[in-house]
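This report refers to the structure that appears directly beneath it.
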């Protein structure tokens, strides 16, 4: 199998995103190797040996996706046994022309604490942790958004993603069976923040499967119970005109970006 | 100010990473606008009006970073008022030549539930949530890594990042003052999993500042207390030969990727 290397003198997160997006267009399997913080000539020479070995072992020239700023290190990696792809270089000259300024590359420019929004993202993570699963209603005034839905409909991972990646202060609140003795009504604690509410729902069969992995053969996990809870919840969303999304076929990345698009909440990430 | 648009028929996460990495090389400020899920001709035409308006309002041609697969939608966005950058197109032809196969673009190929490791990442998030802050020692056999350190040294955000982005089952355990009545010793619950331990530390002044925001003028937040706890903790790391990192000048992205590089833990993310 051919190996794809993702190399950077920083985290290599951008090199991975770049290489992975490209390779995902091809109906091939690759062996993925990420090597961050290649900051010295010595380290670069070691990496080149690793690339050379991968070439010898597999008989296929490795692909090397990199975003290295240090000129010496870049030169060494570019002249190795792999096929080198540096997407920054290709676009910098055209952008310089358009912007009328020269690029001023600085190391650790992305994904570092020097990002303007770094502190905001960490505060949002702390907020999401402190306001997970309805534990802390008193902070809802501070929330940017409050995700609501039944147990295991995707609230917690989505809350964490919105906080970590986009700096959105996200709380989440679970509807439980106890809320549904009669018809599910919007709890007063939530009604006060109705404009911040966003609902999640999920197909009953998938919810049944997810809950069964957690508590097999329980009432909680039964298909009938899942159907009842979801029906009550979706009725509530429609009755109260709360925007909602069915998470069944979507990843947390997709759910999160759809929520931002629908609510108009602004990313805090640059 | 010039506007940078990040547009995709999927989440636009790749378009953002690509555009943001490029723009971060320039000593300029930009207005950032992300528009995901542009899947129809009608939506594309609306977006073009928005781009046109941004051009008229600012007098500066917007930059449009996109990764659109639908040919019609791509054509519309590419022919709009902005300057169009599609990094996929530039690299696909050379890669086809190297790989000897044609690209087979499919929509929602990255950041979707179709990623092979999606379920693993969600399980890791659930694990990190259930094993935050030393609440659940009985699961440590299942952990890939156990982060240790004093309160507010960065354990929780790092745990969540490792789980969410890389599918690493991460637990974390806090050392508290109670552990340090005499000399801080490695708790027995941790010693059994010593090869999984990774330490965090932080400069005392920053810790003092972070804790003061939480509980001003408390003993917990005092510089003296922070210095004592950190000294005990670092002594423990050295004595027990536990690898550790000082998080003071690093983002959670940098801490997480450094931990992976140092431990050799494999990303589960493709």
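Protein chains in written order, with the working numbering: chain A, 1 to 270; chain B, 1001 to 1270. Every residue, glycine too, gets a C-beta built ideally from N, C-alpha and C.
Buried or exposed by the 16-neighbour rule on C-beta atoms within 10 Å, applied to residue i
{"i": "residue 103 of chain A", "result": "buried"}
{"i": "residue 215 of chain A", "result": "exposed"}
{"i": "residue 163 of chain A", "result": "buried"}
{"i": "residue 1169 of chain B", "result": "buried"}
{"i": "residue 1072 of chain B", "result": "exposed"}
{"i": "residue 1188 of chain B", "result": "exposed"}
{"i": "residue 157 of chain A", "result": "buried"}
{"i": "residue 1017 of chain B", "result": "buried"}
{"i": "residue 44 of chain A", "result": "buried"}
{"i": "residue 1194 of chain B", "result": "exposed"}
{"i": "residue 54 of chain A", "result": "buried"}
{"i": "residue 75 of chain A", "result": "exposed"}
{"i": "residue 1024 of chain B", "result": "buried"}
Alpha helix (DSSP H) segment containing residue i, residue limits
{"i": "residue 1019 of chain B", "result": "1013-1023"}
{"i": "residue 1190 of chain B", "result": "1188-1191"}
{"i": "residue 1214 of chain B", "result": "1204-1214"}
{"i": "residue 1239 of chain B", "result": "1223-1239"}
{"i": "residue 1002 of chain B", "result": "That residue, residue 1002 of chain B, is in no alpha helix (DSSP H); its beta strand (DSSP E) goes 1002-1007."}
{"i": "residue 1127 of chain B", "result": "1118-1130"}
Rounded separation between residue i and residue j - CA only
{"i": "residue 115 of chain A", "j": "residue 269 of chain A", "result": "8 Å"}
{"i": "residue 258 of chain A", "j": "residue 1037 of chain B", "result": "8 Å"}
{"i": "residue 1040 of chain B", "j": "residue 62 of chain A", "result": "37 Å"}
{"i": "residue 140 of chain A", "j": "residue 129 of chain A", "result": "13 Å"}
{"i": "residue 192 of chain A", "j": "residue 152 of chain A", "result": "25 Å"}
{"i": "residue 161 of chain A", "j": "residue 252 of chain A", "result": "7 Å"}
{"i": "residue 56 of chain A", "j": "residue 31 of chain A", "result": "15 Å"}
{"i": "residue 28 of chain A", "j": "residue 1095 of chain B", "result": "12 Å"}
{"i": "residue 65 of chain A", "j": "residue 7 of chain A", "result": "6 Å"}
{"i": "residue 1248 of chain B", "j": "residue 1202 of chain B", "result": "5 Å"}
{"i": "residue 83 of chain A", "j": "residue 1221 of chain B", "result": "52 Å"}
{"i": "residue 294 of chain A", "j": "residue 175 of chain A", "result": "Lying outside 1 to 270, the shown extent of chain A, residue 294 of chain A is not represented and no answer is given."}
{"i": "residue 105 of chain A", "j": "residue 235 of chain A", "result": "53 Å"}
{"i": "residue 242 of chain A", "j": "residue 224 of chain A", "result": "24 Å"}
{"i": "residue 240 of chain A", "j": "residue 261 of chain A", "result": "21 Å"}
{"i": "residue 1173 of chain B", "j": "residue 159 of chain A", "result": "23 Å"}
{"i": "residue 1184 of chain B", "j": "residue 1228 of chain B", "result": "11 Å"}
{"i": "residue 1 of chain A", "j": "residue 123 of chain A", "result": "43 Å"}
{"i": "residue 1014 of chain B", "j": "residue 181 of chain A", "result": "45 Å"}
Enclosing beta strand (DSSP E) for residue i [first to last residue]
{"i": "residue 1031 of chain B", "result": "1030-1035"}
{"i": "residue 66 of chain A", "result": "63-67"}
{"i": "residue 140 of chain A", "result": "Segment: none, residue 140 of chain A is in no beta strand (DSSP E) and carries neither H nor E."}
{"i": "residue 1265 of chain B", "result": "Taken as a continuous stretch (DSSP letters only), residue 1265 of chain B belongs to no beta strand (DSSP E), as it is neither H nor E."}
{"i": "residue 150 of chain A", "result": "145-150"}
{"i": "residue 1246 of chain B", "result": "1244-1246"}
Proximity to residue i [Cα-Cα], best of the options
{"i": "residue 1256 of chain B", "options": "B:1212, B:1223, B:1226, B:1198", "result": "B:1198"}
{"i": "residue 110 of chain A", "options": "B:1226, B:1021, B:1241", "result": "B:1021"}
{"i": "residue 100 of chain A", "options": "B:1089, B:1173, B:1026", "result": "B:1026"}
{"i": "residue 231 of chain A", "options": "A:262, A:196, A:24, A:149", "result": "A:149"}
{"i": "residue 4 of chain A", "options": "A:43, A:208, A:47, A:42", "result": "A:47"}
{"i": "residue 1246 of chain B", "options": "B:1225, B:1263, B:1206", "result": "B:1206"}
{"i": "residue 1171 of chain B", "options": "B:1143, B:1235, B:1223, B:1209", "result": "B:1143"}
{"i": "residue 1086 of chain B", "options": "B:1068, B:1013, B:1225", "result": "B:1068"}
{"i": "residue 1078 of chain B", "options": "B:1196, B:1209, B:1146, B:1051", "result": "B:1051"}
{"i": "residue 178 of chain A", "options": "A:70, A:9, A:233, A:42", "result": "A:233"}
{"i": "residue 272 of chain A", "options": "A:154, A:190, A:121, A:186", "result": "Chain A is shown only over 1 to 270; residue 272 of chain A falls outside these bounds and no answer can be derived."}
The ligand NAP heavy atom lying under 7 Å from the CB of residue i
{"i": "residue 229 of chain A", "result": "You won't find the ligand NAP in this model; it holds no ligand whatsoever."}
Inter-stretch contact at 8 Å, needing at least 3 Cβ pairs: the stretch 1201-1214 of chain B / the stretch 1132-1139 of chain B: no
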